[in-house]
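To keep things clear, I will list the structure first and then write my remarks on it.
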């Protein structure tokens, strides 16, 4: 790509707009690195977990000092009490992928998180209930992606009490096939499965829709 040599001579306000527009939507993988470190609270060596990410640092942060300063990215998980370890994020654009981790790692920034992705493992969350997630109040969530072993596990989220105001934002992703379904698609699938089940049970007279309801979405 050719270099735009007159760029430094542009007005600062225009350059700042360019740096801001250089930000692109990303999926930021949040991981935990467990290692033996000095615990600042006790002053002794201890096994501590530090949040990190394998997602590459945005290119705009490598361009120059001005781009780094004017870009809409900030340090997440940064603490002066521990070794310098942080993740560059843009709360307006980035999707936070916490894998099979727990949502509490984003507790302090829950009101700023707009896009969240996590992997639901029924063997790990056998005691998990929707109220546990509801309590965190991601009130500004606009996208919520749930990776499941298969789409039948979506039944766990089939509850009017589970983030009722956000259910229209749900996207379910099959871990094995990559197939995705939104809440409307899931509603239709469950409705068809209910009718097929009633047909297999020989209850043809019940398939007119009365008494069948997959529940609200």
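Residue numbers (UniProt numbering): 1 to 217.
For every residue, glycine included, the Cβ atom is placed at its ideal position computed from N, Cα and C.
This one's a predicted model, so the numbers in the text were calculated from it and none came from an experiment.
Discussion item. Here's a check: name, in chain order, each residue in its chain whose Cβ is nearer than 6 angstroms to the Cβ of residue 72, leaving out the five neighbours to either side.
Written reply: These residues qualify, in order along the chain: 20, 23, 90.
Item to complete: Tell me where the alpha helix (DSSP H) around residue 69 begins and ends.
Response: That run of the alpha helix (DSSP H) goes 65-70.
Worksheet entry | CA nearest to the CA of residue 7, picked from 66, 50, 171, 88 | When each option's Cα is compared against that of residue 7, the closest is 66.
Worksheet item: Comparing alpha-carbon positions, which option in 57, 189, 59, 147 lies nearest residue 170?
Response: Nearest to residue 170 by C-alpha distance, out of 57, 189, 59, 147, is 147.
Practice prompt. For residue 138, collect the residues of the same chain with a Cβ closer than 7 angstroms to its Cβ; drop the 5 residues on either side in sequence, then sort them by chain order.
Written response: Sequence-distant Cβ neighbours of residue 138 in its own chain, meaning closer than 7 angstroms and more than five residues away, are 110, 113, 116.
Fill in: Supposed contact pair residue 75 and residue 86 - C-beta distance, whole angstroms, cut 8 angstroms
Between residue 86 and residue 75 the beta-carbon gap is near 4 angstroms, inside 8 angstroms, which marks them as a contact.
Worksheet item: Can you name, in chain order, every residue of its own chain whose Cβ lies under 6 angstroms from the Cβ of residue 94, other than the five neighbours on each side?
Response: 26, 28, listed in sequence order.
Discussion item. I need the DSSP call for residue 160, collapsed to helix, strand or coil.
Written reply: Low local confidence applies: a pLDDT of 48 at residue 160 is under 50, so the model's placement there is unreliable, with the coordinate-based value given in what follows. Residue 160 falls in the coil class under three-state DSSP.
Worksheet entry | Reference residue 53; option with closest CA among 63, 92, 144, 98 | In terms of Cα proximity to residue 53, the closest of 63, 92, 144, 98 is 98.
Practice prompt. Could you please give the first and the last residue of the uninterrupted beta strand (DSSP E) stretch that includes residue 112?
Written response: Where residue 112 is concerned, there is no enclosing beta strand (DSSP E), given that its DSSP letter is neither H nor E.
Worksheet item: CA-CA distance, residue 188 and residue 4?
Response: Cα-Cα distance, rounded: 52 angstroms.
Worksheet item: For residue 100, which of 192, 191, 145, 11 has the nearest alpha-carbon?
Response: When only C-alpha atoms are compared, the closest one is 145.
Worksheet item: Who are the Cβ neighbours of residue 106 in its own chain at under 6 angstroms, not counting the five residues just before and after it?
Response: Apart from sequence neighbours up to five positions away, the residues of its chain that approach residue 106 with a beta-carbon distance below 6 angstroms are 113, ordered along the chain.
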